[in-house]
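Protein chains in written order, with the numbering used here: chain A, 268 to 410; chain B, 268 to 410.
Yeah, the Cβ is synthetic: ideal placement off N, Cα and C, and Gly gets one too.
These numbers were taken from a predicted model, which means no experiment stands behind them.
Okay, so here's the structure we're looking at.
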DNA sequence: ATTCTTGCAAACGGTTTGCACATAC
DNA sequence: GTATGTGCAAACCGTTTGCAAGAAT
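Structural data, given as structure tokens:
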């Protein structure tokens, strides 16, 4: 279970600390997509000296290694839109640009089986990738 | 253009200020889903006394009235997930809970026509609504 | 022994708040 | 004239950073 991360860290020469294992193990057991603070609170009982800063740093490390994913970005600033009618977004992973997308097929996706009791009122599709400008720049910088 | 908001504010007895109109008008002309700061910077040229706090308050007001929408939430904290394989989310608008959703059909949506030059690398579908608990609570509190 | 991580406290940046003054009605 | 909004500065909260002490290799 935790072995995969142990091996992977070892292989890359990244020190294997108690904190890293504990944080990863806890996140793996959680189903609620916890925040750094939630994780910290939960782990503090067992590891009273664990600091919140370490939780943040560890989450960054694990994310960098592809072991975990972010549901929302840290420090993302709020963005507003006067367009309130249904639409979708293409989000550039490099620069954060958000472009609108209109598409009837995406508007009427079949509602999938949902967690028990969840009342769905709407949906939107998020495409991610590189906007034209960043795609150009990336191509150039990759030798 | 701006008349709809003028009427709507009047009708509700909400004072119609220059700031509100200017902020809404500017947002309506923007295609880049600006942040509060971006709007403030842009408007400051024409309204030098406009404060950032007013921009924030106005955006809240307009959002409350349904005139604008939020692309990301202000002060949303980062949330993490040890599940890195493809999946989708159902997000509760009341409590912010995020539930995982697995669905093959959603995994392979047809790629729609995209803004010129945008390179898509992936997508995910966000359903919004009320989780079981909040749905129950809402029903109870609505007489 | 060396290199990388941890924990602390201070700094940071975006957002909110409290309050005196100004404006819309 | 009253109620509400505005602008300012301070507070706030989540996240990051600098650094001395500690742990992993």
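Handout entry: Cβ-Cβ separation, residue 398 of chain A to residue 364 of chain A (assumed contact under 8 Å), whole Å
Key = About 5 Å; that satisfies the 8 Å criterion.
Practice task
Spell out whether any CB of chain B is found under 8 Å from the CB atom of residue 287 of chain A.
Solution key: Not closer than 8 Å to any Cβ of chain B, the Cβ of residue 287 of chain A fails to qualify, so no.
Handout entry: N-terminal and C-terminal residue of the beta strand (DSSP E) that residue 311 of chain A is part of
Key = DSSP places residue 311 of chain A outside any beta strand (DSSP E); the residue lies instead in the alpha helix (DSSP H), whose first and last residues are 303-311.
Practice task
Would you tell me roughly how many angstroms separate the C-alpha atoms of residue 315 of chain A and residue 329 of chain A, rounded to the nearest one?
Solution key: Rounded to whole angstroms, the gap between the alpha carbons of residue 315 of chain A and residue 329 of chain A is 22 Å.
Practice task
Take every Cβ of the stretch 349-356 of chain A, pair it with every Cβ of the stretch 367-377 of chain A, and state whether three or more of those distances are shorter than 8 Å.
Solution key: With the cut-off at 8 Å, the stretch 349-356 of chain A and the stretch 367-377 of chain A touch.
Problem - Cutoff 8 Å: residue 312 of chain A Cβ touching any chain B Cβ - result: It does not; no Cβ of chain B falls within 8 Å.
Exercise for the section: Would you tell me roughly how many angstroms separate the C-alpha atoms of residue 291 of chain B and residue 377 of chain B, rounded to the nearest one? Expected result: In this structure, the straight-line span from the alpha carbon of residue 291 of chain B to that of residue 377 of chain B is close to 35 Å.
Exercise for the section: Say whether chain A places a C-beta atom closer than 8 Å to the C-beta of residue 391 of chain B. Expected result: Closer than 8 Å: yes.
Handout entry: Proximal residues of chain B, C-beta to C-beta of residue 274 of chain A below 7 Å
Key = Chain B residues near residue 274 of chain A: none, gap ~16 Å exceeds 7 Å.
Problem - Amino acids of chain B, ordered along the chain, whose beta-carbon sits closer than 9 Å to that of residue 374 of chain A - result: The contacting residues do not exist; residue 374 of chain A stays about 10 Å from chain B at best.
Exercise for the section: Taking only the alpha-carbon atoms, compute the straight-line gap between residue 271 of chain A and residue 333 of chain A and give it to the nearest angstrom. Expected result: Distance between the alpha carbons of residue 271 of chain A and residue 333 of chain A: 12 Å.
Problem - DSSP three-state assignment for residue 395 of chain A, whether helix, strand or coil - result: Strand.
Handout entry: Own chain partners of residue 325 of chain A with C-beta closer than 7 Å, once the 5 adjacent residues on each side are dropped
Key = Within the same chain, Cβ atoms closer than 7 Å to the Cβ of residue 325 of chain A are found at 286, 287, 290, the five residues on either side in sequence being excluded.
Problem - Per-residue burial, residue 405 of chain A [other beta carbons within 10 Å of its own, 16 or more giving buried] - result: That one is exposed.
Handout entry: Uninterrupted alpha helix (DSSP H) stretches inside the stretch 322-377 of chain B (no shorter than 4 residues)
Key = Correct list: 371-374.
Handout entry: Secondary structure of residue 405 of chain A, DSSP reduced to three states
Key = Three-state result, residue 405 of chain A: helix.
Problem - Straight-line Cα distance separating residue 295 of chain A from residue 350 of chain A - result: If I take the Cα positions, the gap works out to 38 Å.
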